[in-house]
Amino acid sequence: MEGWPKNHHFEIFKLEIENIFLIDWFGGPKPISPSQYLDYGRDQGSVMSL
């Protein structure tokens, strides 16, 4: 980004994730909360128990 033109007007935004849909091969999309998605590495059963 250092080499970008000055008139590019680069801005940083925060993304507020509200909905996540887990797509699996069977059964269609499963809605999960952002906290379930982010905590998955800590508790392997949290997403799989839906």
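The opening position of the sequence shown corresponds to residue 1 in UniProt numbering, with each subsequent residue numbered one higher. Ideal Cβ positions, reconstructed from N, Cα and C, are used throughout, including at glycine.
- Taking ILE20 as reference, the option from PRO5, HIS9, ILE32, PHE13 with the minimal CA-CA separation is ILE32.
- Residue state for LYS14 is assigned as coil, using DSSP reduced to three classes.
- DSSP, reduced to helix, strand and coil, places PRO34 within a helical segment of the structure shown.
- For ILE23, no beta strand (DSSP E) segment is defined, and its DSSP state is neither H nor E.
- In the displayed model, ASN19 falls within coil according to three-state DSSP, outside both helix and strand.
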